[in-house]
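Here the structure is laid out as structure tokens; the discussion comes afterwards.
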Amino acid sequence: MKIKYVMFVALFLLAAGACQATVVGNEPARNTGITNYSGSLQLGSTVSNTGNISGYSGQRININTGEHRFTDKILTENPRRPLKATRTIFMGIKEIRWSEKGDKPCSMLARTRPLDSTIDKTGYESVSFCGTGSSEKKVEFRDSRYFLRGIAACMTEKKSSRKNRLKGIRIYPARVAANGSVTAMNTYEEERRHHCDTWFPAVFCGNDEIASGINIYYEDGTFRGLGLRCRRVERLNSAFR
């Protein structure tokens with residue numbers, strides 16, 4: 007009887023080990039519930055071009071949108087035993103909205119989409135010195151593969167430069183292919199308000215980079231200049247981080 011019991015325990019442990027391997031294994035033929043996630047895209051850890059400004063300098067605040075972490079249920083061969091895992095989705099900027107209050111630009115939001123078009127998620131980050139502003143304007147890329155690589159600010163033209171304010175935004179895209187290649191596109195989208203008097207030279211990310219965030223320069227709660235936080239597009243070696 008003791009021999010049978012030992013054999014039973016050994017078989018049970020072997021089966022349990024096989025089950026565990028099924029849940030967390032890396033075999034490509036298994037259903038992990040992450041369609042096309044293996045070998046997808048990420049943003050590199052190095053942030054560049056943070057000091058370049060279109061418009062006027064001032065105090066700086068950042069909108070960082072490059073990555074979002076969330077907990078997801080990963081399907082296994084046993085649907086009653088899903089595995090919960092924290093994943094990082096890498097995002098690129100698709101849209102910028104900004105609002106004024108009392109003729110002062112004081113609220114901005116950047117909306118993002120995953121670099122992998124197969125992932126149906128969105129993200130955003132915003133900053134505001136005036137709560138909910140009025141008279142919102144928006145610039146966006148409609149092509150699913152276009153992400154922000156360059157930005158230009160249009161300003162008022164007052165006698166005192168300290169009184170100049172942001173009155174227009176122009177955004178330039180890069181096309182990010184499914185294999186991770188980045189192509190700078192020779193086009194732009196723009197939106198402007200009244201008293202958009204002077205377009206300042208655009209600032210751009212480098213080769214193989216897109217914007218992972220926006221630098222906003224301001225004085226007295228009023229936007230005066232824009233810059234980018236850029237990161238390189240790379241192949242993702244693992245679905246989990």
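Under my numbering, the letters of the sequence shown match residues 7 to 247, in that order. Built from N, CA and C at the ideal position, the CB exists for glycine as well. As the structure is a prediction and not an experimental result, all values here were calculated from the model.
Expressed to the nearest angstrom, what Euclidean distance is found between the alpha-carbon atoms of residue i and residue j?
i: R1; j: E225; result: Residue 1 lies beyond the stretch modelled for the chain, which goes from 7 to 247, so this question has no answer here.
i: N192; j: L89; result: 44 angstroms
i: M13; j: R93; result: Because the pLDDT of M13 is 42, which lies under 50, any placement of that residue in the model is unreliable, and the number read from its coordinates should be weighed accordingly. If you take the alpha carbons of M13 and R93, they lie about 40 angstroms apart.
i: R4; j: T204; result: Here the chain covers residues 7 to 247 and nothing more, so residue 4 does not appear.
i: H201; j: K164; result: 10 angstroms
i: P34; j: E131; result: With a pLDDT of only 25 at P34, under 50, the local geometry of the prediction cannot be trusted, and no value is derived from it.
i: M97; j: I222; result: 19 angstroms
i: T38; j: R87; result: With a pLDDT of 29 at T38, under the threshold of 50, the predicted position of this residue should be treated as unreliable, though the coordinate-derived value follows. When rounded, the distance between both Cα atoms is 12 angstroms.
i: F5; j: R168; result: The chain is shown only over 7 to 247; residue 5 falls outside these bounds and no answer can be derived.
i: I99; j: I59; result: 18 angstroms
i: A21; j: T124; result: With a pLDDT of 39 at A21, under the threshold of 50, the predicted position of this residue should be treated as unreliable, though the coordinate-derived value follows. The alpha-carbon atoms of A21 and T124 are separated by roughly 35 angstroms.
i: D126; j: S166; result: 47 angstroms
i: A158; j: E101; result: 14 angstroms
i: C160; j: A180; result: 21 angstroms
i: G233; j: G64; result: 12 angstroms
i: R171; j: G212; result: 27 angstroms
i: F147; j: G108; result: 28 angstroms
Given residue i, which residues of its chain have a CB within under 8 angstroms of its CB, disregarding the five upstream and five downstream residues?
i: L19; result: Residue placement at L19 is flagged as unreliable, the pLDDT there being 38, under the threshold of 50; the coordinate-derived value follows with that caveat. Closer than 8 angstroms at the Cβ level, and outside the excluded window around L19, lies no residue.
i: G31; result: Bear in mind that a pLDDT of 24 at G31, under 50, signals an unreliable position, so the number given afterwards is only what the model happens to contain. Closer than 8 angstroms at Cβ, skipping near neighbours: no residue.
i: T128; result: R117, T118, R119
i: R151; result: S123, R181, V182, A183
Rounded to the nearest angstrom, how far is the Cβ of residue i from that of residue j, given a contact under 8 angstroms?
i: R199; j: K143; result: 7 angstroms
i: G61; j: R230; result: 6 angstroms
i: A116; j: T71; result: 5 angstroms
i: I177; j: V145; result: 5 angstroms
i: G186; j: V239; result: 6 angstroms
i: V182; j: L121; result: 6 angstroms
i: V188; j: D214; result: 5 angstroms
i: I175; j: W104; result: 7 angstroms
Identify whether residue i lies in helix, strand or coil by the three-state DSSP scheme.
i: S167; result: helix
i: M191; result: coil
i: G64; result: coil
i: I59; result: coil
i: G31; result: Residue placement at G31 is flagged as unreliable, the pLDDT there being 24, under the threshold of 50; the coordinate-derived value follows with that caveat. Residue state, collapsed to three classes: coil.
i: F206; result: coil
i: R87; result: coil
i: A22; result: Bear in mind that the predicted position of A22 carries a pLDDT of just 37, short of 50, making it unreliable; the figure below should be weighed with that in mind. Residue state, collapsed to three classes: helix.
i: R6; result: In the structure as shown, the chain begins at 7 and stops at 247. Residue 6 is therefore absent and cannot be evaluated.
i: H74; result: strand
i: T52; result: coil
i: N213; result: coil
Excluding the five sequence neighbours on either side, which residues of its own chain have a C-beta within less than 6 angstroms of the C-beta of residue i, listed in chain order?
i: R36; result: Low confidence applies here, because R36 scores a pLDDT of 24, under 50, leaving its location unreliable; read the following figure in that light. Closer than 6 angstroms at the Cβ level, and outside the excluded window around R36, lies no residue.
i: G156; result: Y178, A208, F210
i: G227; result: C112, F135
i: Q48; result: F96, E240, L242
i: E195; result: V145, I177
i: R66; result: N221, Y223
Between residue i and the rest of its own chain, which residues show a CB-CB distance below 7 angstroms, the 5 nearest in sequence each way excluded?
i: G137; result: none
i: S46; result: D122, L242
i: G219; result: N68, I69, N70, T71, G72, R235
i: A190; result: R155, A180
i: G50; result: R237, R238, E240
i: E197; result: K143, K144, V145, G174, I175
i: T162; result: N170, R171, K173, H201, D203
i: F206; result: S60, G61, A158, A159, M161
Could you confirm whether any beta carbon from chain D is found closer than 8 angstroms to the beta carbon of residue i?
i: K127; result: No chain D is present in this structure, which holds just one protein chain.
Which ranges would you report for the beta strand (DSSP E) in the region 116–187 if only whole runs of at least 3 residues count? Listed in chain order, they are 129–134, 140–146, 152–161, 172–182.
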